[in-house]
Amino acid sequence: MTLATVTPSILVVEDEPAIQELLAVNLKHAGFLVARAASAEDAWAAIGTVLPDLVVLDWMLPGQSGVALARKIRAEERTRELPIIMLTARVHEEDKVQGLEAGADDYVTKPFSPKELIARVRAVLRRRAPHLAGEAVEIDDLTLNPATHRVVAGGQPLDLGPTEFRLLFFFMTHAERVYTRAQLLDEVWGDHVFIEERTVDVHIRRLRAALESSGHHERVETVRGTGYRFRGA
Ligand code: CA
Numbered sequence: 135m136t137l138a139t140v141t142p143s144i145l146v147v148e149d150e151p152a153i154q155e156l157l158a159v160n161l162k163h164a165g166f167l168v169a170r171a172a173s174a175e176d177a178w179a180a181i182g183t184v185l186p187d188l189v190v191l192d193w194m195l196p197g198q199s200g201v202a203l204a205r206k207i208r209a210e211e212r213t214r215e216l217p218i219i220m221l222t223a224r225v226h227e228e229d230k231v232q233g234l235e236a237g238a239d240d241y242v243t244k245p246f247s248p249k250e251l252i253a254r255v256r257a258v259l260r261r262r263a264p265h266l267a268g269e270a271v272e273i274d275d276l277t278l279n280p281a282t283h284r285v286v287a288g289g290q291p292l293d294l295g296p297t298e299f300r301l302l303f304f305f306m307t308h309a310e311r312v313y314t315r316a317q318l319l320d321e322v323w324g325d326h327v328f329i330e331e332r333t334v335d336v337h338i339r340r341l342r343a344a345l346e347s348s349g350h351h352e353r354v355e356t357v358r359g360t361g362y363r364f365r366g367a
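Quick note: the sequence shown uses our numbering, first residue 135, plus one each step.
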């Protein structure tokens, strides 16, 4: 994941190479970052390292099924909120119900038109992750525009590094909630395994320094023994 962008990342889980390729090419063309897995086991390992913004998940996979993986994603606290679109050749109503009960947000039946799939991906992201829709976020007189990469505080443009930009974007779209360093690494860096938690503190310091001139640095609160919170009100 490129730190400078807020491009949504999609994990495609599909064992048939031709369909996996079709999905990946079309999603990339639509502007998404794409990762791929050919089995539920590989997908789970990939998610364990980098949390995607959405999963396109085939029902029929070798080994563990897509439905089983969807249940697993919903059962873990870290992945519970991860949007899922199930992909399947099955058309029977009971399968659709089973897929939705397993936690899928939407359902696309094969053969599908790439256009329709992209539209559904966008719709699910708008509903489940509105902060990825590309609209400017505003708290008080602090405005961040993910499309233009501009941050304005008290009428003055701020110069933020790419990591501070992502960190502020995450904070502003998730204000008032406390996040541990590990959660921030996962959400902002896309990696909670290989980066040291100290890194978070370094970038928090830089973010506070950048926000100091407009007084917004006080919104970045340290929650002792837990992590950080961004004050939204
Ligand atoms: Ca398959």
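Virtual Cβ for every residue (Gly too), placed ideally from N, Cα, C.
Practice problem: Compare the Cα-Cα distances from N279 to each of V258, A253, L259, T307 and report the closest residue. | Solution: One-based indexing of the sequence shown puts residue 279 at position 145. Cα-wise, what sits closest to N279 is T307.
Practice problem: Since I believe P196 is in contact with D149 (beta carbons under 8 Å), could you give me their beta-carbon distance rounded to a whole number of angstroms? | Solution: Along the sequence shown, read from residue 1 onward, the residue named residue 149 stands at position 15. Along the sequence shown, read from residue 1 onward, the residue named residue 196 stands at position 62. About 6 Å; that satisfies the 8 Å criterion.
Exercise. Tell me whether P151 sits in a helix, a strand or coil according to DSSP, three-state version.
Key: Locating residue 151 in the sequence shown gives position 17, counting from the first residue. Helix, per DSSP.
Quiz item: Taking contact to mean at least 3 C-beta pairs separated by less than 8 Å, is the region 310–322 in contact with the region 291–301?
Solution: yes
Quiz prompt | Under 9 Å between C-beta atoms of S348 and L234 | solution = Mapped onto the sequence shown, residue 348 falls at position 214. Mapped onto the sequence shown, residue 234 falls at position 100. No, these two residues do not count as a Cβ contact at 9 Å.
Quiz item: Between W193 and ligand 1, is the CB less than 8 Å from at least one heavy atom?
Solution: By one-based count along the sequence shown, residue 193 stands at place 59. Flag set: Cβ of W193 near ligand 1.
Self-check item: Rounded straight-line distance, which links the Cα of R332 to that of L294
Solution: In the sequence shown, residue 294 corresponds to position 160, counting from 1. In the sequence shown, residue 332 corresponds to position 198, counting from 1. Near 19 Å, if we compare the C-alpha coordinates of R332 and L294.
Exercise. Locate the beta strand (DSSP E) running through P296, then write down its first and last residues.
Key: For the purposes of this step, residue 296 is taken as residue 162 along the sequence shown, with counting starting at 1. No beta strand (DSSP E) holds P296; the alpha helix (DSSP H) holding it covers 296–307.
Practice problem: Leaving out five residues on either side along the sequence, give the residues of the same chain with a beta carbon under 6 Å from the beta carbon of A287. | Solution: Locating residue 287 in the sequence shown gives position 153, counting from the first residue. Take A287, set aside five residues on each side of it, and the residues of its chain with a beta-carbon closer than 6 Å to its own are L276, S348, H350, in chain order.
Quiz item: Over what stretch of residues does the alpha helix (DSSP H) that includes G182 continue unbroken?
Solution: Taking the sequence shown and counting its residues from 1, one reaches residue 182 at position 48. Unbroken alpha helix (DSSP H) run through G182: 174–183.
Practice problem: For the region 200–215 and the region 154–167, state whether three or more C-beta atom pairs, one from each stretch, are separated by less than 8 Å. | Solution: Output reads no: the region 154–167 does not touch the region 200–215.
Quiz item: What residues match up with R170 in a beta bridge as DSSP calls it?
Solution: For the purposes of this step, residue 170 is taken as residue 36 along the sequence shown, with counting starting at 1. Answer is V146.
Practice problem: Go through its chain and collect everything with a Cβ distance to G165's Cβ below 7 Å, but skip five positions before and after it. | Solution: By one-based count along the sequence shown, residue 165 stands at place 31. Contacts found: T141.
Quiz item: Hey, E355 and R365 are a contact pair by Cβ (cut 8 Å); roughly how many whole angstroms apart?
Solution: Taking the first residue of the sequence shown as 1, we reach residue 355 at position 221. Taking the first residue of the sequence shown as 1, we reach residue 365 at position 231. With 8 Å as the limit, E355 and R365 qualify as a contact, their Cβ atoms being about 6 Å apart.
Quiz prompt | Reduced DSSP secondary structure (H/G/I, E/B, other) of T282 | solution = Here residue 282 corresponds to residue number 148 of the sequence shown, with the count starting at 1. DSSP places T282 in coil when its eight states are reduced to three.
Quiz item: Considering only C-alpha positions, which residue in the set V258, A238, Q290, V184 is nearest to Q317?
Solution: The sequence position of residue 317 within the sequence shown is 183, counting from 1. Cα-wise, what sits closest to Q317 is V184.
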